[in-house]
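Below is one structure; the comments refer to it alone.
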Amino acid sequence: MLETNTETVVKNPTSIGFDKEVFKKNVLDNLKSLFRKTMDTASQQEIFQAVAFEVKDLIIDRWLATQKAYKEQDAKYVYYLSMEFLMGRALGNNLINLCCYEEVAEVLEELGLDINVLEDQEPDAALGNGGLGRLAACFVESLSTLNYPVYGCGIRYKYGMFKQEIRDGYQVEVPDNWLENGNPFEIKRPEYTQTVKFGGYVRIEWDAERQRNRFIHDGYQAVHAVPYDIPVVGYGNNVVNALRIWDAQPIQEFNLASFDKGDYLHAVEQENLAKNIVDVLYPNDNHYSGKELRLKQQYFFVSASLQAALEKYKKNHDDIHKLPEKMTIQMNDTHPTVAVAELMRLLLDEEGLGWDEAWEITTKTCAYTNHTIMAEALEKWPIDLFSRLLPRVYQIIQEIDRRFVAKIREMYPGNEEKVAKMQILRDGQVKMAHLAIVAGYSVNGVARLHTEILKKQELRDFYEMMPQKFNNKTNGITQRRFLMHGNPLLADWVTDKLGTKDWITDLSLMSGLKKWVDDEEALKEFMSIKYENKVRL
Numbered sequence: 000m001l002e003t004n005t006e007t008v009v010k011n012p013t014s015i016g017f018d019k020e021v022f023k024k025n026v027l028d029n030l031k032s033l034f035r036k037t038m039d040t041a042s043q044q045e046i047f048q049a050v051a052f053e054v055k056d057l058i059i060d061r062w063l064a065t066q067k068a069y070k071e072q073d074a075k076y077v078y079y080l081s082m083e084f085l086m087g088r089a090l091g092n093n094l095i096n097l098c099c100y101e102e103v104a105e106v107l108e109e110l111g112l113d114i115n116v117l118e119d120q121e122p123d124a125a126l127g128n129g130g131l132g133r134l135a136a137c138f139v140e141s142l143s144t145l146n147y148p149v150y151g152c153g154i155r156y157k158y159g160m161f162k163q164e165i166r167d168g169y170q171v172e173v174p175d176n177w178l179e180n181g182n183p184f185e186i187k188r189p190e191y192t193q194t195v196k197f198g199g200y201v202r203i204e205w206d207a208e209r210q211r212n213r214f215i216h217d218g219y220q221a222v223h224a225v226p227y228d229i230p231v232v233g234y235g236n237n238v239v240n241a242l243r244i245w246d247a248q249p250i251q252e253f254n255l256a257s258f259d260k261g262d263y264l265h266a267v268e269q270e271n272l273a274k275n276i277v278d279v280l281y282p283n284d285n286h287y288s289g290k291e292l293r294l295k296q297q298y299f300f301v302s303a304s305l306q307a308a309l310e311k312y313k314k315n316h317d318d319i320h321k322l323p324e325k326m327t328i329q330m331n332d333t334h335p336t337v338a339v340a341e342l343m344r345l346l347l348d349e350e351g352l353g354w355d356e357a358w359e360i361t362t363k364t365c366a367y368t369n370h371t372i373m374a375e376a377l378e379k380w381p382i383d384l385f386s387r388l389l390p391r392v393y394q395i396i397q398e399i400d401r402r403f404v405a406k407i408r409e410m411y412p413g414n415e416e417k418v419a420k421m422q423i424l425r426d427g428q429v430k431m432a433h434l435a436i437v438a439g440y441s442v443n444g445v446a447r448l449h450t451e452i453l454k455k456q457e458l459r460d461f462y463e464m465m466p467q468k469f470n471n472k473t474n475g476i477t478q479r480r481f482l483m484h485g486n487p488l489l490a491d492w493v494t495d496k497l498g499t500k501d502w503i504t505d506l507s508l509m510s511g512l513k514k515w516v517d518d519e520e521a522l523k524e525f526m527s528i529k530y531e532n533k534v535r536l
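Heads up: the sequence shown at position 181 corresponds to 180 in numbering that gives the first Met the number 0, and the numbers run straight through without jumps.
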């Protein structure tokens, strides 16, 4: 999935210190400037905001230093595309990775505040829902801790999926308005706004200069994609990467002429188009409108992310053919695999490359992580919906499929069963996992057993045809959030027993705990920690 080389892993940017008195003063100043409050009149939410903004200031210096180091070293970037990032609360995790959690807790205590109470003021960012999103969040944090330059790319959902409340013993689903008080850690980046187009048709013009056809997308609807960057702090190395989440904004906010004519729905039509795209994570897709909205969401953030990535590359590099040397597109499950055809579209239609040139670049740039062994969970789209919503992208997938089918028939003459199993376009559907495997230079499962099942069962035909692409990357959750932050008593016990803190960045050292498995005193300590945690709960 990722190769460790000097072009990818960067040297640590400059170390930046922590001053407790400066931190304390700035928190008090933030209360005044943000809320016109002092410590004795501010609410816990306002104090949280003041502390969070000061922590962001600590991060910003490291963020700037990181970007400077990347530029100086001409680093290779990973663009990790995922429909969800279940990030969790940011304040405590950022402080742990900045290695100043205890110092900040002491400052707050001196101000009469409990850091645990303040952390409870922060809502979970409603950007993910389950295991896929949690692994994505841990993955980008681990990349930062390992000094990899990365952008996690997704959608800035307004409400996420839902928030659960228990009323009279029953679960009730209510909107999760996590942005009600704003997100103090995000930075809006309107200068990198992109335009994303849906629907319409493709017309063909002859390009006399290049002696080939030009494909022009017309009659489309469009929205602006506006990025917000959230810092992803590496542990103890001063590296800060970005989670870039895209908000949808209308091209034209409000049509006054339509409003004046009494056509109130048309007046806000573009606003509603944009709003719907980013309202909810995983809209219900058991009906046509839901399917259409979900496909819009996927194309929206993929197209915006790739347009921005190419712009960034072209600022410092003249030769588009060398793109794979400076960029990897990691597609997290099948949701973002429209990236394959979108990158081809950008290279063909915007950069003016020929098919073979564009395909060589794409197949050296895209990689695919598969999260499921269930065939029914491998995403498929009805061709009529896909071709209507993304007409030019669909044309490109048709050509990818045509060439791939010819390759199958060349390798397996007369074996139409192979064609039926492996085609991208089949049975009235666009099979996104097939597209990702055909185009990706790497296909990985997320656990050893999972990868073996993919190779021997669900994706066996692809594995037999292109075994060099398949590999395993065991995904897990980061010990920094789920042990250091989640269970500090146990974390201290582990450090004491191992005699080192190196497990914080090297989880394999945990095997050193085996020697304590029959030690009665150690087991007593372990059970005491469990008890203390239950009391705390």
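From the three backbone atoms N, C-alpha and C, an ideal C-beta is built for every residue, glycine too.
The alpha helix (DSSP H) enclosing residue i, as first and last residue numbers
i	result
P390	390-410
I423	Note, I423: premise wrong, no alpha helix (DSSP H); not H, not E.
F138	130-144
T450	447-452
E102	100-109
For residue i, the three-state DSSP class (helix, strand or coil)
i	result
A247	strand
Y78	strand
E519	helix
K431	In the sequence as presented, Lys is not what sits at residue 431; that position holds Met. If DSSP states are grouped into helix, strand and coil, M431 belongs with the helices.
V232	strand
Q467	helix
Y150	strand
N212	strand
Q329	strand
Y158	coil
C365	strand
P122	coil
H286	coil
L242	strand
V493	helix
K500	coil
W380	strand
A89	coil
I276	helix
R166	strand
I186	strand
Any non-hydrogen atom of the ligand SAM closer than 7 Å to residue i Cβ
i	result
F138	Absent from the structure shown: the ligand SAM. Ligands present: none.
Whole-angstrom C-beta distance between residue j and residue i, which should lie under 8 Å
i	j	result
W245	F197	The Cβ separation is near 15 Å, so there is no contact.
C99	F17	5 Å
N128	L85	7 Å
Y219	G199	3 Å
Cβ of residue i within 8 Å of any chain B Cβ
i	result
Y287	Chain labels in this structure do not include chain B; a single protein chain is all it has.
Pairwise C-alpha distance: residue j and residue i
i	j	result
A438	A366	8 Å
I58	V26	15 Å
N93	G235	11 Å
N96	L305	29 Å
N443	T368	5 Å
C152	V516	42 Å
L471	N315	The displayed chain sequence assigns Asn, not Leu, to residue 471. Their backbone Cα atoms lie some 33 Å apart in a straight line.
I503	L389	45 Å
E415	R408	8 Å
M330	S507	27 Å
I203	Q210	13 Å
G413	D206	39 Å
N240	M82	18 Å
N532	L482	13 Å
K274	H223	11 Å
T40	L110	13 Å
I276	M465	36 Å
Y69	T327	15 Å
V279	N182	17 Å
T494	L488	10 Å
I372	E208	48 Å
N- and C-terminal bounds of the beta strand (DSSP E) containing residue i
i	result
D56	Premise fails: D56 lies in the alpha helix (DSSP H), 43-72, not in any beta strand (DSSP E).
Q193	193-197
Q19	Sequence check: residue 19 is Lys here, not Gln. First-last for K19: 19-34, but that is the alpha helix (DSSP H), not the beta strand (DSSP E).
E204	200-206
G444	442-444
E172	169-173
query: Does the pairing of the segment 320-329 with the segment 283-298 give three or more beta-carbon distances under 8 Å?
result: Segments in contact, no.
message: With three or more beta-carbon pairs closer than 8 Å as the criterion, would you say the segment 169-183 touches the segment 111-125?
response: Touching, per the Cβ criterion.
message: Quick check: the segment 225-240 against the segment 131-151, are at least 3 beta-carbon pairs closer than 8 Å?
response: Counting Cβ pairs under 8 Å, three or more are found: they touch.
- request: Report yes or no: do the segment 132-150 and the segment 462-478 share at least 3 C-beta pairs separated by less than 8 Å?
  value: Cβ pair count under 8 Å is three or more, so yes.
field: Contact between the segment 38-56 and the segment 113-120 (3+ Cβ pairs under 8 Å)
entry: The segment 38-56, when compared against the segment 113-120, does touch it at the 8 Å Cβ threshold.
- prompt: Touching or not, the segment 340-348 and the segment 381-397, by the rule of three or more beta carbon pairs under 8 Å?
  reply: Taking 8 Å as the limit for Cβ pairs, the verdict is that the segment 381-397 does touch the segment 340-348.
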